[in-house]
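Note sheet for the following structure.
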Amino acid sequence: MAVEISAPPPHSLRGIAVPKVVNVIVRRVLGAILVIWGVVTLTFLLTRVFGGDPVNLFAPPSATAADRELIRERLGLADPIPVQYVDYLRDVIHGNLGTSYLTLRPVTADLLSRVPATAELATYALIFGVTLGVSVGVLSAVFEGSIFDRATRVFTSAGLALPQFWVALMLIVIFFDQLHVLPGPTGRMPIGMQPPPTVTGFYLIDSIITGHLSTFWPALRQLILPVLVLGYGVASPLARGARTSMILALKADYVRTARALGLSRSRTWFVYAFRNAILPVMTMFAGTVAWVFSGTVLIEGVFGWPGVGQYALNALENSDFPAIQGFVLYASILYVIIYQLLDIAYTFADPRIRS
Amino acid sequence: MTTSLDPAVETVVPKPSRLSGGAASVLAAIRSFRSSSGTLPIGLGLLGFLVLTSLVSLIWTPYPPTATATGLFSSAPSAAHWFGTDAVGSDVFSRTISAGRTDVFYTVTAVAIALVIGSAWGAVAGFFGGWFETVTLRLLEVVQAFPALLMALLVISILGPGTFNVILVVAIIPLPDFVRLARAEVLTKKTWQFAEAARLVGNRPLVVLFKHLMPNSWRPLLAYASISAAWVCGNIAALGFIGVGIQPDAVEWGSMIARGESDVVAGAWWEALFPGLGVLVLAIGFQLVGDGIAARNRGEQR
C-alpha cells in the first residue's frame, strides 16, 4: 500500500492517452451493468420465489379461489416464473418499478418525489463527515501520540460502536428536551411552516435563490441534528483510515528527503504527504456513501424526515413489495454508479495506476 | 491486509519465548505485550461484565422483565426503579440486564456462523481457484452492492421476523468479508514452504488446506470476527428498533429503544439511554478485543 509510495506527488492529468481513458470507462460501465443485473435478479428471486404470496395482501378472508386467481392475474403473478422474470426485467429497463400496494402510485414517482429530501440530508452529511473525518485523521497522524490523537481515538471508537438511531435520540433529548435550543423531530420544516418554492428541492438553496430568506433559518435548524448524526458516522471510519494512511506517508523516504532539502514542515505534511495519504482513503468513500444510504433509513425514521428512507420503512412495515423492491434497486443502482465513478476518479488521481 | 514478509524468513524464525534470554528480553516481552494489546484486557473486561449481568438476570432481577405496571408509567430513575420505568410500567433495569442475554447470544451465534461458513468458502475458493473462485468473486460484488442494512431489511421483510431469521440475516452481512479475508490468507500462504512441504509428502489437497493452511490463518480471521461482532450487534439492535427484528416488544435492546422512542422525544431519556448503553458496551468490548488480537498478530510478525 502506501509504504511503497516514493514518487513525488505533484502531477497533472496531461499525458493520459485517450484510448486508455475510453478503455477504462467502457470496462467500468460494463462491470456496473453486470452488477446491477445481478442485483435485479437477486431482488426478483428473493421477493417472487422465496417471498410470501402478495395475493394475501389484497384478498379478503372471504375471497373464493376464483377471486384469488383473478387478483393473481391482475398482479401479473399467474405467469410462470421465467415469464415474470423477463417482464420484470423489461419493466425495470423502462424505469417502471410497479405500483405501490400502499400509495397506489407508481413506485418510480413515489421515489422521485422523495429523493430531494434524502439528497439534501445526505449531501450535507457527506460534506460535513468527509471534511471532519479526513482533517481529524490527518491531524491526529501529524500529532501522533498527543492528547488530541488519543481523544480522537475515543471519539472514533465511539462513532464506530454507537447505534446511530440511539445517538439521534440522545441528541434530541439533549438539544430539544433539555436545552431547548434545537427543534424536535418534525421533518424538514417546523410544524405549520411552508417550505420555500421548489427549484432544486434543497430547501436551503431554494430559500436563497427564490428570495424566501425567512425559511432559511428554520430549515437549517431542522437539518442540524440529522446531519450531525449521519456525519459523525461518516467521519469515524474515515478518520481511522486517514490516520493510518497519513502515518505511513509521513514515514516515507520522500518526506524525509523533502524536509532535508529544506521544505517547510507544513508544506511537507499537507502537500507532499497528504496527497499520497489521501489516495487509499478515497477508496473508502464508496463504502461511506453506502453507509449514509443505510443510515438514512433509520435516521429519517427518527427525525420524521420525509425522504426515501422513511418511504422504505413504511413499505417494510406494510409488506409493500413493489416499493421495497424499488427502493432496494434504487439504492443499489445509486451505490454502484457512485462506486464506479469514484473508482474512475481514483484511477485518474493515482499516476501509478494510470500509466 | 496481507503480510509482505518473506515466507522463507517467517518459517525459520523461532517463536519468541518469554523464558529464555534473561531479564532484558522478559522486560521487552512485557513492554511489547502492553503496547500492542493494551486494549485486549479492557475489551475482555467489558464483555465479561455483560456476560456476568446476563447470568445474574437468569436468577435475579428486581422485577420480572416482562411484567407491566410494576410502578408508575414512564417514571424517572428512583430507588425503587434504578433505571426508571417505561410507557407500560415495566422496570427498565430488569429489562436491560435481561436483554443482554438475547443480544449477546444473537451476536455471538451470528458471527460464529459467518466466521465458519465464510472462512471455509473463502479458503476453498483461494486454494483451488478456477471457476469456483471467479463465481465467488462476482457473487460477492453483487451482494456487497446492497448497502448492508438494506439487504437485511429486504431479507427479513421476505422471510418474516423470528430468532432464526434475524441471526441468519445479520450473519449474511459480514460473510463476504470473511470469504475475502480467508481467500487472501490462503492465496498468500499456499506458496509458503510449510504448505509446499505438506503437499510434497503426499497429503490430499483438502487435508493440506484444512489441517495445515487454515490453522496458520485463523488469527487474522478471529481478529476480524471480533471487530465485525461490533457491527453485528448494532445491526441486531437496528432491526429490533425498526420492529422487524425479533418479536415486537421482545426483551432486546433495540426493541426497548423503539418502545421508548415516543416517550424519549417527550423527555423520558432513561427509556432509551440504558438499553443503548448496553449496545455500546457490547460493541466497544468486541472492538477492543478485535483491535487487541490484531495488534498482537502484528507484534508477533514483526
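In order, the protein sequence lines correspond to chains A and B. If you're matching positions, the first sequence starts at 4 in my numbering and goes up one per residue. If you're matching positions, the second sequence starts at 31 in my numbering and goes up one per residue. Cβ coordinates follow ideal geometry from the N, Cα and C atoms, glycine included.
query: I want to see whether chain A comes within less than 9 Å of residue 318 of chain B, judged by CB atoms only; does it?; result: yes
query: Could you check if residue 26 of chain A is buried or exposed, using at least 16 other CB atoms within 10 Å of its CB as the buried criterion?; result: exposed
query: Using the DSSP secondary-structure output, state which residues sit across from residue 121 of chain B in a beta bridge.; result: B:115
query: Answer yes if the stretch 290 to 301 of chain B comes into contact with the stretch 315 to 331 of chain B, meaning at least three C-beta pairs across the two stretches below 8 Å, and no otherwise.; result: no
query: With DSSP as the reference, identify every bridge partner of residue 109 of chain A, one or two as the case may be.; result: A:102
query: Please classify residue 313 of chain A as buried or exposed, where buried requires at least 16 other C-beta atoms within 10 Å of its C-beta.; result: buried
query: Decide if residue 121 of chain B is buried, meaning its Cβ has at least 16 other Cβ atoms within 10 Å, or exposed.; result: buried
query: Please list the partners that residue 164 of chain A has in chain B, where partner means a Cβ-to-Cβ separation under 7 Å.; result: 260, 310, 313, 314 and 317
query: Does any residue of chain E bring its CB to less than 9 Å from the CB of residue 221 of chain A?; result: Here the protein chains are A and B, and chain E is not one of them.
query: Are the CB atoms of residue 233 of chain A and residue 298 of chain A nearer to each other than 9 Å?; result: yes
query: Is residue 268 of chain B helix, strand or coil when you go by DSSP?; result: helix
query: Leaving aside the five residues before and after residue 247 of chain B along the sequence, list all residues of the same chain whose C-beta is less than 6 Å from its C-beta, in chain order.; result: 215
query: Roughly how far, in whole angstroms, is the beta-carbon of residue 287 of chain A from the beta-carbon of residue 244 of chain A, given that I think they are within contact range, below 8 Å?; result: 5 Å
query: Is there contact between the stretch 72 to 89 of chain A and the stretch 157 to 176 of chain A, where contact requires at least three CB pairs shorter than 8 Å?; result: no
query: Which residues in chain A sit within 9 Å of residue 272 of chain B, going by Cβ to Cβ distance?; result: 168, 300, 301, 304, 316, 319 and 320
query: Can you say whether residue 89 of chain B is buried or exposed, counting buried as having 16 or more other CB atoms within 10 angstroms of its CB?; result: exposed
query: Would you mind sorting residue 246 of chain A into buried or exposed? The rule is 16 or more other CB atoms within 10 Å of its CB.; result: buried
query: How many angstroms separate the CA atom of residue 50 of chain A from the CA atom of residue 259 of chain A?; result: 58 Å
query: Measure the Cβ-Cβ separation of residue 295 of chain A and residue 125 of chain A and say whether it is below 9 Å.; result: yes
query: Using 9 Å as the limit for Cβ to Cβ distance, is residue 296 of chain A near chain B?; result: yes
query: Whose C-alpha, out of A:148, A:155 and A:122, is nearest the C-alpha of residue 136 of chain A?; result: A:155
query: Mapping the DSSP letters down to three states, classify residue 335 of chain A as helix, strand or coil.; result: helix
query: Output the residue ranges of the alpha helix (DSSP H) runs that lie fully inside the stretch 149 to 201 of chain A and measure 4 residues or longer, sorted by chain position.; result: 150 to 164 and 167 to 175
query: Along the chain, where does the alpha helix (DSSP H) that runs through residue 317 of chain A open and close?; result: 311 to 320
query: Within 10 Å of its beta-carbon, does residue 182 of chain A have 16 or more other beta-carbons around it, so buried, or fewer, so exposed?; result: exposed
query: Got a sec? Which residues, its chain only, sit under 6 Å from residue 185 of chain B by beta carbon, not counting five neighbours each side?; result: 199
query: Give the C-beta separation of residue 249 of chain B and residue 327 of chain B to the nearest angstrom, bearing in mind that I take them to be a contact with Cβ-Cβ under 8 Å.; result: 5 Å
query: Starting from residue 268 of chain B, find everything on chain A with Cβ-Cβ shorter than 7 Å and list it in chain order.; result: 166, 168 and 301
query: Rounded C-beta distance between residue 322 of chain B and residue 69 of chain B? I'm assuming under 8 Å.; result: 4 Å
query: My assumption, with CB atoms under 8 Å, is that residue 102 of chain A sits in contact with residue 93 of chain A. Please give the rounded CB distance.; result: Their Cβ separation, rounded to whole angstroms, is 16 Å, which puts residue 102 of chain A and residue 93 of chain A out of contact at 8 Å.
query: Measure the alpha-carbon distance for residue 263 of chain A versus residue 256 of chain A and round it to whole angstroms.; result: 10 Å
query: Any idea what DSSP makes of residue 103 of chain B, helix, strand or coil?; result: coil
query: Hey, does residue 152 of chain A have any beta-carbon neighbour from chain B nearer than 9 Å?; result: no
query: Here's a check: name, in chain order, each residue in its chain whose Cβ is nearer than 7 Å to the Cβ of residue 231 of chain A, leaving out the five neighbours to either side.; result: 174
query: Would the stretch 299 to 319 of chain A and the stretch 107 to 121 of chain A be scored as touching if the rule is three or more Cβ pairs under 8 Å?; result: yes
query: Roughly how many angstroms separate the alpha carbons of residue 403 of chain A and residue 204 of chain B, rounded to a whole number?; result: With chain A covering 4 to 358 only, the question about residue 403 of chain A has no answer from this structure.
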